[in-house]
Amino acid sequence: MRPAISRTTVIPQLSGSARTLVLLPTFFRVYRGCAAALRLLSGRDNSHLRSVGSVAANPTQAAHGDPLCGNMFRHSAASERMQRFRTGHSSCAWSQGPVAVVPRAFAGYVKTAAMSAGEIGDSPLFLLEYALRLLRVLVLIALWRIILEGRPGSGPMPLASVLTYTVVAEVFAEQLAVRTTLSEAFWHGTLVMRFLRPMGLVRQLAAEMLGRWGVHLGLFSLPLFLVAPLLGVDPRPASPLAAVLFVLSLCLAILVGLAMEVLFGAAVVALEQPVWIIEYLRTAIATLMSGSLLPLAYYPWGLGDVFGWLPFAAMAWAPLAIFTGTGSAAMLLLSQTLWVIVLWPLADWLWRSNREKLVGYGG
Numbered sequence: 024m025r026p027a028i029s030r031t032t033v034i035p036q037l038s039g040s041a042r043t044l045v046l047l048p049t050f051f052r053v054y055r056g057c058a059a060a061l062r063l064l065s066g067r068d069n070s071h072l073r074s075v076g077s078v079a080a081n082p083t084q085a086a087h088g089d090p091l092c093g094n095m096f097r098h099s100a101a102s103e104r105m106q107r108f109r110t111g112h113s114s115c116a117w118s119q120g121p122v123a124v125v126p127r128a129f130a131g132y133v134k135t136a137a138m139s140a141g142e143i144g145d146s147p148l149f150l151l152e153y154a155l156r157l158l159r160v161l162v163l164i165a166l167w168r169i170i171l172e173g174r175p176g177s178g179p180m181p182l183a184s185v186l187t188y189t190v191v192a193e194v195f196a197e198q199l200a201v202r203t204t205l206s207e208a209f210w211h212g213t214l215v216m217r218f219l220r221p222m223g224l225v226r227q228l229a230a231e232m233l234g235r236w237g238v239h240l241g242l243f244s245l246p247l248f249l250v251a252p253l254l255g256v257d258p259r260p261a262s263p264l265a266a267v268l269f270v271l272s273l274c275l276a277i278l279v280g281l282a283m284e285v286l287f288g289a290a291v292v293a294l295e296q297p298v299w300i301i302e303y304l305r306t307a308i309a310t311l312m313s314g315s316l317l318p319l320a321y322y323p324w325g326l327g328d329v330f331g332w333l334p335f336a337a338m339a340w341a342p343l344a345i346f347t348g349t350g351s352a353a354m355l356l357l358s359q360t361l362w363v364i365v366l367w368p369l370a371d372w373l374w375r376s377n378r379e380k381l382v383g384y385g386g
């Protein structure tokens, strides 16, 4: 009899393309496992979670199915009162799934976040995105080592701080460059449906965003942070105080990012330009001025000092500089706070002034 040849023996003997074909089943098994975990997390494997993407403030509002619970069965006001009499609480306030034991005021937002998280597993492309993000980190780490290694006085930041800055910037990439589905709502023409939901537009966009963040933090950001020492990078903050201030700065950065999201959304309507033109312009400006890719301390001709006072720097440079102990934490936090105070009233006014000018041409 011919000796059995194991899979591990055959694969090294194959060409690159053939090896890829052999490994495809393994890739899809990993994808199916991640997708199943995401569906379980979001509760999308239960039929009672499929009916809605928003919430009702009062369970008796929906006699034909309460959108708070996502229940497809009809609930009458009488049955609701009977359930409350027997158990002491509403049949929906303690529903099954990810909104269990969640106060009614937050249950809808939790469900919206969970459903948004479950959508990530609908396509295997999110794994490709993780691979590209990891490749970007490896390339940047290699480049910084080539440029700075052996040159201790060649820049405003030591090599160790620059490497930590690079890794942490990728770990919190989504929090440092806030994006919601507002642009997609413009593009697909679904924005009007969001106005009909019983929750504020910004709050529902933020809930969806937080749902996606939870998945990406668990599947990519946390693993990258844990394996950073294997890449020769110390991911720890400069000091315990820097860690505490970083959390505060990151929260302010998210608030600034959400305000910028609303501002650019209003600009799309006010300028009557295609949404993706504004989106590409915003991405280019933010990448250059925020410091999410390169530390502003390395910008020539004093551009970093100028960009440091702009709202884009409040989104990325400020928390990363605090984390690595670069710059004055007090001044960075003050700048972020001022931008939050300035941008939110401006964003609210500009949005209210232009939201009724939105026109959809179909197609």
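Going by my numbering, the sequence shown opens with residue 24, and the numbers climb by one from there.
Just so you know, even glycine gets a beta-carbon here, dropped at the ideal spot from N, CA and C.
Sequence-distant residues of the same chain with beta carbon closer than 8 Å to Leu356, five excluded per side
Leu268, Leu271, Ser272, Leu275, Ala341, Ile345
Looking only at its chain, what residues have a beta carbon closer than 7 Å to the beta carbon of Arg217, apart from the 5 residues adjacent to it on each side?
Ala208, Leu224, Gln227
DSSP three-state label for Leu317, please.
In the three-state reduction of the DSSP assignment, Leu317 falls in the coil class, being assigned neither a helical nor a strand state.
Backbone secondary structure at Glu379 - three-state DSSP:
helix
Hey, quick one: how far does the alpha helix (DSSP H) through Asp17 stretch, first residue to last?
Residue 17 is absent from the structure shown; the chain starts at 24 and stops at 386.
If we call anything under 9 Å between Cβ atoms a contact, is Gly348 one with Ala265?
yes
May I ask which residues mark the beginning and end of the alpha helix (DSSP H) holding Gln198?
Per DSSP, Gln198 belongs to the alpha helix (DSSP H) from 196-199.
If you check the beta carbons only, do Val256 and Thr189 fall under 9 Å apart?
yes
Secondary structure of Gly255, DSSP reduced to three states
coil
Pro318 classed as buried or exposed, judged by whether at least 16 other C-beta atoms fall within 10 angstroms:
buried
So is Gly173 buried or exposed if we call it buried at 16+ other beta carbons inside 10 Å?
exposed
8 Å contact criterion, which Val279 and Trp362 should meet: CB distance rounded
5 Å
Between Trp390 and the rest of its own chain, which residues show a CB-CB distance below 8 Å, the 5 nearest in sequence each way excluded?
In the structure as shown, the chain begins at 24 and stops at 386. Residue 390 is therefore absent and cannot be evaluated.
To which residues of the same chain is Tyr132 closer than 6 Å at the C-beta, ignoring the five residues directly before and after it?
Ala230
Backbone CA spacing between Ala192 and Met338 [nearest angstrom]:
11 Å
Under the assumption that Leu186 contacts Ile164 (Cβ atoms under 8 Å), give the Cβ distance between them as a whole number of angstroms.
6 Å
So, for Pro179: in the same chain, excluding its five sequence neighbours on each side, which residues have a beta-carbon less than 6 Å away from its beta-carbon?
Ala320
Does the region 279-290 come within contact of the region 366-377, defined as at least 3 CB pairs closer than 8 Å?
yes
Specify the secondary structure class of Thr306 as computed by DSSP and reduced to three states.
It is helical.
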